[in-house]
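Residue numbers (my numbering), protein chains in the order written: chain R, 608 to 882; chain P, 100 to 897. Presented below is the structure to which this report refers.
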């Protein structure tokens with residue numbers, strides 16, 4: 608990682624810490640972005656988005672992933688995802704694959720970080736061993752789908768530089784249109800354009816631009832549900848690849864918060880026992 | 100329609116032109132302008148797919164495969180160090196930089212080279228998957244040695260991305276073109292981008308030389324070479340025509356009038372094509388030259404007749420009337436037979452050949468219409484100087500005497516020669532090789548040849564293996580079949596490289612077991628396969644995933660073999676051998692093969708079947724037309740030999756020159772039939788008239804020679820020149836078609852001059868009955884007509 612990235616990450620980490628301390632105050636206060644430059648405005652919205660989502664603790668969900676190609680073929684993947692909020696760093700995640708049956712029991716553990724490459728381990732039941740994955744390559748497809756690991760990892764303000772573009776109405780919803788440029792040079796994208804609804808700052812749509820800056824994919828979020836009276840989660844995410852005409856739909860069939868997961872549930876040793 | 104009405108219509112037509120030439124000229128100009136305006140709709144489609152019908156089986160298979168797995172259309176950049184190998188700091192640095200920058204290529208989805216090859220290795224208990232060369236700055240003797248060691252041993256790389264001796268390396272850019280019909284702009288954009296990119300690197304690294312191949316470059320070459328043809332061949336044809344007309348007509352204004360008619364014929368034909376939604380392609384790009392060539396023949400007849408009449412002291416009006424009256428019918432019949440010949444190309448399996456036939460047929464009829472409307476009108480208003488006749492040498496009469504005198508020898512010798520060449524026809528072989536469609540002088544061909552010399556051919560075949568079960572790729576039995584088939588492919592002499600998932604699985608097994616070479620084999624457990632692949636997939640970076648080898652439910656895989664640049668026969672044979680391998684080794688597994696090369700390999704054969712239908716239809720239609728034109732079944736039958744023989748002889752000669760029948764050659768028979776029939780019609784109709792006038796066979800032959808011999812020679816000369824000009828095209832399809840057509844048209848003249856009269860002397864000795872004459876053309880029944888035909892005879896003698 609070069610010096611510049613380190614510096615921005617360090618600065619970003621400080622922002623998050625400050626934000627975390629001030630979380631109560633800021634969420635209750637009016638959200639004011641008037642008079643800011645496009646960059647500051649974008650950053651302010653991103654921070655507010657992160658702030659509003661702080662404090663959820665942990666969650667467990669069941670997810671069905673449906674892959675489609677332009678030939679009409681379909682393929683289903685099923686998995687359980689456990690997540691743990693980490694206050695001063697990226698979140699921790701544990702994904703257990705149930706389908707296809709050949710990979711049943713395979714478990715994927717991630718520690719995402721705001722200032723360095725994420726840590727990833729995979730438990731392979733057929734080999735009965737835990738293998739570390741070189742996570743420099745985080746932009747490849749997740750289980751052959753149109754989602755990359757990068758798309759599924761937790762949203763952290765430090766991962767991007769922001770620029771407010773416009774206020775737009777998408778499907779009848781008033782949104783902020785923001786450009787996000789990944790700070791990690793191993794990202795598969797040169798930029799993303801995100802539409803957040805103005806009321807709750809929930810993602811409505813994301814356009815992903817590839818290395819040659821052409822539109823690669825569009826992700827749309829729908830069926831938002833409210834949890835713990837505060838946290839909005841989309842039950843449906845649809846990713847369409849414009850270049851290959853393939854698509855992947857991600858449906859959350861159940862989602863529970865604060866199920867009592869602890870930090871000790873997310874380590875290499877417990878990975879082998881994950882069912 | 101009876102003769103009376105027919106004659107009346109002709110009279111009305113001729114009179115309105117003679118009486119209102121300006122009106123006709125203005126009307127024609129207005130119509131031609133409106134029609135030609137359609138030319139704005141024309142565009143050039145640079146895409147090898149224009150050769151194939153949407154329903155062509157190999158095309159459907161290819162497109163299905165491109166949807167199941169990711170598209171693998173490509174642009175390949177070949178780096179050849181002028182000295183040494185690619186395993187040096189500057190050359191690997193160049194490759195690394197070029198590989199990174201190549202991701203910026205428009206419409207690219209993936210870039211592969213030895214530097215971003217996803218090398219796997221065990222590190223303690225972990226699997227490390229990373230670029231062979233991670234950073235430009237980190238290249239040192241150690242990483243160079245590693246790169247060399249991996250590149251020379253890894254089956255995924257050697258012979259595909261790098262040559263075994265390291266003298267050349269490839270950066271392969273996978274391109275996903277937008278899903279629309281005309282992608283010429285995108286193809287040009289991509290090619291110009293990669294060429295500019297390699298130019299910059301060639302400047303920065305003086306030791307580097309670059310070549311460009313791949314499907315995108317193939318398409319690009321279709322566009323650029325096509326445009327070059329348009330810009331060079333059409334103007335040269337114009338110059339040639341000016342030259343020929345100056346010699347034949349000996350009149351500046353006569354030549355200019357003809358040039359105007361030719362120009363209008365071309366613009367109106369291309370304009371009509373534009374209105375009807377035709378596009379330009381390798382096939383239709385020849386239309387202007389064909390139309391030019393055929394229009395010249397029409398015009399020469401008319402202008403020469405008018406000049407003749409004027410020399411006889413007639414007024415301009417009388418001369419034009421005379422020329423029209425004399426030529427309207429023959430020019431119509433010859434145009435119609437030529438158009439029919441072209442029209443039967445609609446049976447072609449290749450849409451652009453059908454387009455070529457349709458547009459040329461339209462062009463021939465447009466040229467006919469203009470030469471019997473605009474041309475006489477122009478002759479009415481523009482003065483035409485008539486120079487004195489040159490000395491008449493009587494060459495045709497001498498030839499006639501010679502043939503008659505030696506017919507006992509001429510007949511058997513010519514018949515034997517005809518048979519001899521006809522027997523050579525089976526030596527021809529159908530062969531379509533898209534890379535060899537371009538002349539060795541073209542950039543594309545030189546790159547392809549260089550690639551073949553240093554690394555591998557450019558032709559690939561995609562082999563899709565279907566297990567018909569989700570996750571079937573994990574089944575050890577299925578993987579074993581994949582591995583066995585891949586090994587079988589590698590053992591085939593024509594195969595340079597095989598890219599297969601079986602290698603990846605073996606390599607993973609090894610790396611997951613501490614890089615122990617003993618584990619470079621297929622795991623025997625289904626779950627292990629699945630979990631290795633899952634792990635590997637999760638480790639791959641953006642763009643370098645397995646979706647080009649596995650379909651989404653992992654039930655099928657694509658193996659890609661790279662061949663030496665094969666002819667269609669070898670292609671089809673390899674495919675058949677592979678089918679046979681599956682039938683005996685893995686009958687339960689469905690396999691399909693597809694690629695652009697296979698499409699070309701099959702089109703020749705499929706097209707030939709349809710072209711035989713087209714030839715038969717052309718032959719029947721034209722023979723029927725001949726029987727009507729000659730009003731004699733007997734002469735119609737006799738004419739079959741001189742109509743069929745030239746093609747048989749021509750293709751016999753072709754077997755000696757080249758022996759390869761490609762798509763261009765397949766249309767030649769149908770196309771030439773309509774043209775060579777004209778000569779036979781002219782010759783036999785004159786012969787017939789003389790016989791009906793009471794002459795014996797010999798006298799009738801002399802009459803035929805002296806009346807149309809020179810005209811036949813001139814038109815043959817014009818046509819041969821026009822088609823021979825096509826041999827200068829960088830497209831082998833067009834060059835071959837032009838050469839074969841020129842040969843056949845020339846052979847037709849020789850057959851008409853030598854074999855036909857000798858054959859008539861043998862078979863047509865009987866006396867022509869008077870009753871036959873009563874049924875004959877009105878031309879012969881009136882005194883005025885007879886006068887005219889005598890005038891014509893005098894004219895043609897000159």
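Yeah, the Cβ is synthetic: ideal placement off N, Cα and C, and Gly gets one too.
Whether residue 756/R touches residue 787/R by CB criterion (7 Å): The sequence position of residue 756/R within the first chain is 149, counting from 1. The sequence position of residue 787/R within the first chain is 180, counting from 1. No, they are not a contact pair.
Min CB distance residue 901/P to chain R below 7 Å: Not covered by the structure: residue 901/P. The range shown for chain P is 100 to 897.
Range covered by the alpha helix (DSSP H) that runs through residue 862/P: By one-based count along the second chain, residue 862/P stands at place 763. Residue 862/P: member of the alpha helix (DSSP H) spanning 855–862, first to last residue.
Unbroken stretches of the beta strand (DSSP E), 3 residues or longer, contained in the segment 293–364 of chain P: Here the runs fully enclosed are 307–312.
First and last residue of the uninterrupted beta strand (DSSP E) at residue 826/R: On the first chain, residue 826/R is found 219 positions in, with the first residue counted as 1. Segment 822–834, the beta strand (DSSP E) holding residue 826/R.
Residue-chain proximity (residue 641/P, chain R), Cβ-Cβ < 7 Å: Taking the first residue of the second chain as 1, we reach residue 641/P at position 542. At a cut-off of 7 Å, the C-beta of residue 641/P has a neighbouring C-beta in chain R.
Selection of the segment 635–662 of chain P by Cβ proximity to chain R, strictly under 9 Å: Hits within the stretch, in order: 636, 637, 638, 639, 640, 641, 642, 643, 644, 645, 646, 649, 650, 651, 652, 653 and 654.
Three-state secondary structure (DSSP) of residue 841/R: Taking the first residue of the first chain as position 1, residue 841/R is located at position 234. Residue state for residue 841/R is assigned as strand, using DSSP reduced to three classes.
Integer Cβ distance of residue 823/R from residue 817/R, believed to fall under 8 Å: By one-based count along the first chain, residue 823/R stands at place 216. By one-based count along the first chain, residue 817/R stands at place 210. Between residue 823/R and residue 817/R a beta carbon distance of about 4 Å is seen, short of the 8 Å cut, so the two are scored as contacting.
Under 9 Å by beta carbon: chain R residues contacting residue 224/P: For this step, residue 224/P is matched to residue 125 along the second chain. Simply 736, 737, 738 and 739.
Nonlocal neighbours in the same chain, by C-beta distance under 8 Å from residue 161/P, ignoring five residues either side: Working through the second chain from its first residue, we reach residue 161/P at position 62. Excluding positions up to five away in sequence, the list reads 561, 693, 694, 695, 697 and 698.
Sufficient close CB pairs (3 or more, under 8 Å) joining the segment 169–185 of chain P to the segment 199–215 of chain P: Output reads yes: the segment 199–215 of chain P touches the segment 169–185 of chain P.
Boundaries of the alpha helix (DSSP H) in which residue 690/P is found, first to last residue: Taking the second chain and counting its residues from 1, the one referred to as residue 690/P is at position 591. Per DSSP, residue 690/P belongs to no alpha helix (DSSP H); it is in the beta strand (DSSP E), 689–693.
Inter-residue Cα distance where the pair is residue 710/P and residue 528/P: By one-based count along the second chain, residue 710/P stands at place 611. By one-based count along the second chain, residue 528/P stands at place 429. Their backbone Cα atoms lie some 15 Å apart in a straight line.
Short-range partners of chain R found in the segment 150–180 of chain P, where Cβ spacing is below 7 Å: Residues 163, 166, 167 and 169.
DSSP three-state assignment for residue 768/R, whether helix, strand or coil: Residue mapping note: residue 768/R aligns to position 161 of the first chain, counting from 1. Assigned with DSSP and collapsed to three states, residue 768/R falls in strand.
First and last residue of the uninterrupted beta strand (DSSP E) at residue 730/R: Residue 730/R sits at position 123 when you count from the first residue of the first chain. Start and end: 726–731.
Beta-carbon neighbours of residue 678/R, restricted to chain P and to distances below 7 Å: Your numbering for residue 678/R matches position 71 in the first chain. Per Cβ cutoff of 7 Å: 163, 166 and 167.
Neighbour list for residue 207/P in chain R, Cβ cutoff strictly below 8 Å: As a working mapping, residue 207/P is identified with position 108 in the second chain. Those within 8 Å of residue 207/P in chain R are 819.
6 Å CB neighbourhood of residue 422/P in its chain, flanking five on each side removed: As a first step, residue 422/P must be located in the second chain, where it is residue number 323. Residues of the same chain with a CB within less than 6 Å of the CB of residue 422/P, apart from the 5 flanking positions on each side, are 401, 404 and 405 in chain order.
Burial state of residue 866/P, where buried means 16 or more other Cβ atoms lie within 10 Å: Looking up residue 866/P in the second chain gives position 767. Under this definition residue 866/P is an exposed residue.
Where residue 631/R sits in the DSSP three-state scheme: The residue you call residue 631/R lines up with position 24 of the first chain. Residue placement at residue 631/R cannot be trusted, given a pLDDT of 40 that sits under 50; what the coordinates show is reported in the next sentence. In this structure, residue 631/R counts as helix in the three-state DSSP scheme.
Any chain P beta carbon closer than 7 Å to residue 710/R: Position 103 of the first chain holds residue 710/R. Yes, residue 710/R counts as interfacial toward chain P.
Beta-carbon neighbours of residue 204/P, restricted to chain R and to distances below 8 Å: Taking the second chain and counting its residues from 1, one reaches residue 204/P at position 105. Chain R residues near residue 204/P: 819.
Segment contact, 8 Å Cβ cut-off, at least three pairs: the segment 567–582 of chain P with the segment 659–666 of chain P: By the Cβ rule, the segment 567–582 of chain P does not count as touching the segment 659–666 of chain P, because fewer than three pairs are nearer than 8 Å.
Own chain partners of residue 883/R with C-beta closer than 7 Å, once the 5 adjacent residues on each side are dropped: Nothing about residue 883/R can be reported from this structure: the residues present for chain R run from 608 to 882 only.
Residues sharing a beta bridge with residue 700/R, DSSP: Locating residue 700/R in the first chain gives position 93, where the first residue counts as 1. Answer is 690/R and 717/R, bridged to residue 700/R.
Counted within 10 angstroms of its Cβ, other Cβ atoms place residue 683/P as buried (16 or more) or exposed: Along the second chain, one-based indexing puts residue 683/P at 584. Answer is exposed; the Cβ neighbour count stays below 16.
Same chain, Cβ closer than 7 Å to residue 108/P, five either side skipped, listed in chain order: For the purposes of this step, residue 108/P is taken as the residue at position 9 of the second chain. Contacts found: none.
Cβ-Cβ separation, residue 825/P to residue 332/P (assumed contact under 8 Å), whole Å: Here residue 332/P is taken as the residue at index 233 of the second chain, counted from 1. Here residue 825/P is taken as the residue at index 726 of the second chain, counted from 1. Approximately 7 Å separates the beta-carbon atoms of residue 332/P and residue 825/P; this is inside 8 Å, confirming the contact.
Closest by C-alpha distance to residue 719/R, when choosing among 765/R, 735/R and 679/R: As a first step, residue 719/R must be located in the first chain, where it is residue number 112. Nearest to residue 719/R by alpha-carbon distance, out of 765/R, 735/R and 679/R, is 765/R.
Residues of its chain near residue 484/P, where Cβ-Cβ distance is below 6 Å and the 5 sequence neighbours each way are ignored: In the second chain, the residue the question calls residue 484/P occupies position 385. The residues are 350.
Beta-carbon gap between residue 644/P and residue 747/R smaller than 7 Å: As a position in the second chain, residue 644/P is number 545, starting the count at 1. As a position in the first chain, residue 747/R is number 140, starting the count at 1. For the pair residue 644/P and residue 747/R, the CB atoms are nearer than the 7 Å cut-off.
Cβ-Cβ distance between residue 731/R and residue 630/P below 7 Å: Within the first chain, the letter at position 124 stands for residue 731/R. Within the second chain, the letter at position 531 stands for residue 630/P. At a Cβ-Cβ threshold of 7 Å, residue 731/R and residue 630/P count as neighbours.
Separation of residue 648/R from residue 770/R, as counted between CA atoms: One-based indexing of the first chain puts residue 770/R at position 163. One-based indexing of the first chain puts residue 648/R at position 41. Cα to Cα, residue 770/R sits roughly 7 Å from residue 648/R.
Close beta carbons around residue 873/R, own chain, < 7 Å, minus the five adjacent residues each side: The residue given as residue 873/R occupies position 266 in the first chain. Cβ within range, chain order: 691, 699, 701 and 716.
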